[in-house]
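Accompanying notes for the structure given below.
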Amino acid sequence: MDSRREDIIRTLASKYFYFLTTLAYHDTLFMKGIHEGKGKFLANLHIYLATKDLPKKWNDKRYSTDFTTPAALEVLKTNTVTGLEYEHLIPKKKYIQDICEQKAKDGTLTEDFIRSLLDRYLWTATVTSQEHKLLSRRIMPFNWDQENINARYEVADITLVPHKKDYIS
Numbered sequence: 001m002d003s004r005r006e007d008i009i010r011t012l013a014s015k016y017f018y019f020l021t022t023l024a025y026h027d028t029l030f031m032k033g034i035h036e037g038k039g040k041f042l043a044n045l046h047i048y049l050a051t052k053d054l055p056k057k058w059n060d061k062r063y064s065t066d067f068t069t070p071a072a073l074e075v076l077k078t079n080t081v082t083g084l085e086y087e088h089l090i091p092k093k094k095y096i097q098d099i100c101e102q103k104a105k106d107g108t109l110t111e112d113f114i115r116s117l118l119d120r121y122l123w124t125a126t127v128t129s130q131e132h133k134l135l136s137r138r139i140m141p142f143n144w145d146q147e148n149i150n151a152r153y154e155v156a157d158i159t160l161v162p163h164k165k166d167y168i169s
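Right, dumping it as structure tokens:
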């Protein structure tokens, strides 16, 4: 794992652990009020950490992803994000957030557990809007082995390549 990704994952795990373990799960009204923020905390912090060091004219989440499709990469290289979508390879709500929240409620959540889960499943991609429409939205394919992070993309016949970002200046 590259050191930048490692730093982001470590920071995310630490802050997400703190956030989840300080929520008043027993207070129904509090939980109703925090519901939207709880759902967006991880994504918002991840986007902030991934984009904060990008040059100003390249400071968009679609430039910060781990992977891209060849068609999306050609658009990104022109310094535009028109017609592009930011995607999580693994749907984060079901495979990260719900699991971490349940462990926090049970009192069994650890920062190491979160770090391991994020390292395994928190990967992003930039795809075209047309490619985005081909992806299943919230679930991995039936019989997913819980290892292949590209499974949704393979089912949709979408090719991903590492997003090297060497065009960013």
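Residues in the sequence shown are numbered from 1 upward in steps of one, following UniProt numbering.
By construction, the Cβ of each residue, glycine as well, lies at the ideal position given by its N, Cα and C atoms.
Please read these numbers as outputs of a predicted model, since none were measured by experiment.
In the pairwise beta carbon analysis, the stretch 120-131 is classified as touching the stretch 55-72: at least three pairs are separated by under 8 Å. Bounds of any alpha helix (DSSP H) do not take in residue 89, whose DSSP letter is neither H nor E. Per DSSP, the beta bridge partners of residue 125 are 67, 87.
The C-alpha of residue 76 is placed about 12 Å away from the C-alpha of residue 169. For residue 67, same chain residues with a beta-carbon under 8 Å away, outside a window of 5 residues either side, are 89, 123, 124, 125, 126, 160, 161, 162, 163 in chain order. Cβ neighbours of residue 21 within its own chain (closer than 8 Å, five residues either side excluded): 104, 109. In the DSSP assignment, residue 94 falls outside any alpha helix (DSSP H), carrying neither H nor E. Straight-line spacing of the CA atoms in residue 91 and residue 157 works out to 18 Å.
For residue 3, the enclosing alpha helix (DSSP H) stretches over residues 3-21.
With a threshold of 16 other beta carbon atoms within 10 Å, residue 64 meets it and is buried. In this model, residue 81 and residue 58 are separated by some 10 Å (Cα to Cα). Judged by their CB atoms, residue 100 and residue 18 are not nearer to each other than the 9 Å cut-off.
Here DSSP, grouped into helix, strand and coil, assigns residue 161 to strand. Residue state for residue 167 is assigned as coil, using DSSP reduced to three classes.
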